[in-house]
Each structure stands twice: as structure tokens, then as C-alpha cells.
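Enquirer: Line order of the protein sequences matches chains A and B.
Residues in the first sequence are numbered from 10 upward in steps of one, following this note's numbering.
Residues in the second sequence are numbered from 10 upward in steps of one, following this note's numbering.
Even glycine gets a Cβ: it sits at the ideal position worked out from N, Cα and C.
Handing you a structure now.
Number of protein chains: 2
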Amino acid sequence: MTLPRTPALATDCVVFDPLGRVLLIRRGHEPCAGKHALPGGFVKIGETVASACRREVKEETGIEVAEISLVGVYSDIDRDPRGHIVSVAFMTELTNETSPRVGSDARSAEWVDMGDIDLAFDHALIFAHAKAKLRIKDAR
Amino acid sequence: MTLPRTPALATDCVVFDPLGRVLLIRRGHEPCAGKHALPGGFVKIGETVASACRREVKEETGIEVAEISLVGVYSDIDRDPRGHIVSVAFMTELTNETSPRVGSDARSAEWVDMGDIDLAFDHALIFAHAKAKLRIKDAR
């Protein structure tokens with residue numbers, strides 16, 4: 010059976026470090042070339058969304074993430090100029106300081122203070138939702 | 010730009026009624042023809058996953074759902090024999106009793122007591138996760 014065409018599936022990750030910073034890349038390609046973004050990318054056929062998320066973080070920043078938790082699913086039609094791309098967003102909190110190294114598709118990979126960041130696509134929304142979940146966890 | 014091929018994207022919905030029952034269909038087609046399943050189906054390009062979820066519930070059971078909340082994202086490679094299909098699962102609790110009517114792709118649509126149900130695909134897992142979230146909400 011041929012499966013119907015559906016929106017493309019991607020994943021993004023909000024990685025927090027113990028100093029309250031977030032892991033961002035600067036995009037190497039259009040759209041939004043040069044802009045800060047969450048690490049992420051397309052899910053491959055044959056991998057789970059969580060595996061794709063870990064793979065993309067590793068490829069783009071060199072950082073290995075283990076436990077990740079779901080932030081939300083972002084599917085607005087116009088969230089990406091390339092077409093209808095649905096992103097499953099995850100988050101994780103690292104317990105140790107780790108230095109990123111720039112990898113595939115990215116111009117840079119760095120820890121950024123959360124105060125004043127300008128993000129590509131709808132990544133500001135994803136980041137805000139992840140930060141809210143962080144606060145709930147911290148309040149326990 | 011051509012988007013890469015990614016897993017097919019679907020959605021399923023766990024609809025609870027005020028009597029503690031769950032809305033199930035009996036599948037009209039293979040795979041799992043004749044088996045109970047959650048209402049759901051493929052996401053179309055140009056609709057959000059939440060819109061697709063509401064549309065599928067309406068098409069398959071005649072029931073209109075408004076507010077839906079995310080249960081999880083199910084992406085195991087072998088969860089569907091037709092290929093790699095990722096499901097974004099939602100849940101909702103109806104406040105009024107409503108009678109379903111059988112719609113597209115389904116052999117029947119009915120309210121089923123939660124005690125002893127046998128579900129197609131990984132829908133038992135989705136259902137268990139939704140039920141757990143229901144308990145958390147009820148405990149507030």
C-alpha cells in the first residue's frame with residue numbers, strides 16, 4: 010500500500026545547560042541563514058522522532074543528549090517557508106557543562122543566555138513553552 | 010526546494026464521555042479490519058495536526074470535538090504494518106452524552122467501557138497514557 014502524502018516531519022530540541030543557558034546554532038543555509046535557531050532537522054524514515062532529535066543535536070552541535078521530554082507539536086501551515094513542515098519539539102537539561110562544536114548545516118553552535126534571543130521560524134514559541142515547563146519542574 | 014521524504018504523519022484521538030467510556034471505531038479496512046481502534050487518520054498537507062484530529066473524529070464518528078490536548082507522539086518503526094507512520098495523539102473529555110454515528114473508513118463507532126478493550130496498532134498504549142493524564146487531571 011502506498012502511504013498518502015502528509016506534511017514533512019521534523020524535530021527540534023531545547024537544550025538547557027546547568028548555568029541557565031540554551032544551546033543554539035546559527036543557521037548555515039536559507040531560510041533564515043545566519044539567524045539563531047534550535048538544533049533540529051528532518052526525521053528519517055526508519056528512526057523514531059526521539060532518535061532523530063538526538064541525532065540532529067549531535068550532528069549540529071557535537072553534544073550528546075540522553076533523556077528528552079516532549080515540549081509540543083508545531084504544525085502551523087506557514088511556520089516554515091519551505092513548505093508544510095511539522096516539528097515535534099523536545100527539551101532536556103544537561104547536568105554538566107559541555108562545549109559544543111559546530112557541525113553539519115550550522116554556521117555556529119553555542120550556549121546563549123536566555124534573556125534576549127531572536128530565533129528563526131517559530132522557535133521563540135517552542136523555546137517559551139520549554140522554559141515554562143522548566144519552571145514547573147523547578148517549582149516541585 | 011523539495012522537502013525530504015519523512016515518515017507519514019497521522020493523528021489519533023482518545024475521546025472520553027462523562028460516563029467514563031471511550032469512543033472507539035471498528036476498522037473497516039486492513040490492517041486490523043474489524044478490530045477496535047481509536048478514531049484517527051492521516052494529516053493532510055495544509056492542515057494542522059489538531060485540525061486533522063478533529064476532522065477525523067468527525068468523519069469517522071460524527072462527533073465534534075473542540076478542545077483537545079496532546080497525549081504524546083508515537084513513532085516506533087513497526088507500529089503500523091503499512092510503513093513508518095508517526096501518530097500525534099490527542100485526548101478530550103466530552104461534557105455531554107452524544108451518540109456517535111458510523112462514518113468513513115469505519116465499520117462501527119461506539120462508546121465502549123474502559124475495562125476490557127482490545128485495540129489495533131499501539132492504541133492500547135496511547136489509551137493508557139491518555140487515561141493516566143485523565144487521572145492526574147481528576148486529582149487536581
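Let me check one thing: in DSSP terms, what residues is T101(A) bridge-paired to?
Expert: According to DSSP, which records beta bridges pairwise, T101(A) is partnered with V24(A).
Enquirer: Is there a Cβ of chain B sitting closer than 7 Å to that of F51(A), yes or no?
Expert: By this cut-off, F51(A) is an interface position.
Enquirer: Would you mind telling me which residues of chain A sit closer than 8 Å to I94(B), beta carbon to beta carbon, in chain order?
Expert: Here the neighbours are L12.
Enquirer: What's the call for E39(A), buried or exposed, on a 16-neighbour Cβ count within 10 Å?
Expert: Burial call: exposed.
Enquirer: Do you know how far the Cα of E119(B) is from the Cα of G29(B)?
Expert: Computed Cα separation, rounded: 13 Å.
Enquirer: With 16 as the cutoff for other CB atoms within 10 Å, does A11(A) come out buried or exposed?
Expert: In the sequence as displayed, the identity of residue 11(A) is Thr instead of Ala. Under this definition T11(A) is an exposed residue.
Enquirer: Could you say which of P109(A), E106(A), P90(A) and C22(A) lies nearest to S60(A) if we only look at CA atoms?
Expert: Closest option to S60(A), Cα to Cα, is C22(A).
Enquirer: Considering only their Cβ atoms, is the gap separating P109(A) from I54(B) smaller than 7 Å?
Expert: Taking 7 Å as the Cβ cut-off, I54(B) and P109(A) do not qualify as a contacting pair.
Enquirer: Measuring only the C-alpha atoms, how far is F130(B) from G43(B)?
Expert: Each residue's Cα considered, the two are about 13 Å apart.
Enquirer: Just mark I94(B) as buried or exposed, buried being the case when its beta carbon has 16 or more other beta carbons within 10 Å.
Expert: Result: buried.
Enquirer: Rounding to the nearest angstrom, what Cα-Cα distance links V97(A) and G50(A) in this structure?
Expert: Cα to Cα, the separation comes out at about 10 Å.
Enquirer: Please state whether DSSP places S96(A) in a helix, a strand or coil.
Expert: Reduced to three states, the DSSP call for S96(A) is strand.
Enquirer: Nearest-angstrom Cα distance between K146(A) and V80(B)?
Expert: Those two C-alpha atoms are separated by around 19 Å.
Enquirer: Beta-carbon separation of L103(B) and T70(B) under 7 Å?
Expert: Not closer than 7 Å, so no.
Enquirer: Looking at chain A, is there any beta carbon in it that lies within less than 7 Å of the beta carbon of S78(B)?
Expert: Output row for S78(B): interface = no.
Enquirer: Would you mind telling me which residues of chain B sit closer than 9 Å to G81(A), beta carbon to beta carbon, in chain order?
Expert: Chain B residues near G81(A): L79.
Enquirer: So, for E68(B): in the same chain, excluding its five sequence neighbours on each side, which residues have a beta-carbon less than 7 Å away from its beta-carbon?
Expert: Counting only Cβ-Cβ distances below 7 Å, and skipping sequence neighbours, we find G112 and S113.
Enquirer: State the Cα-Cα distance for the pair T20(A) and F99(A), rounded to the nearest angstrom.
Expert: Cα to Cα, the separation comes out at about 8 Å.
Enquirer: Count the other CB atoms within 10 Å of the CB of S78(A); is the residue buried (16 or more) or exposed (fewer)?
Expert: Flag for S78(A) reads exposed.
Enquirer: Shorter than 7 Å from the beta carbon of A46(B) to some beta carbon of chain A?
Expert: With 7 Å as the cut-off, A46(B) does not count as an interface residue toward chain A.
Enquirer: Enumerate in chain order the residues of its own chain whose CB-to-CB distance from H138(B) is below 8 Å, with the five nearest sequence positions on each side excluded.
Expert: Taken in chain order, the residues that qualify are V80, G81 and A98.
Enquirer: Run down chain A in chain order and give the residues with a C-beta less than 7 Å from the C-beta of S84(B).
Expert: What S84(B) touches in chain A: T57 and V58.
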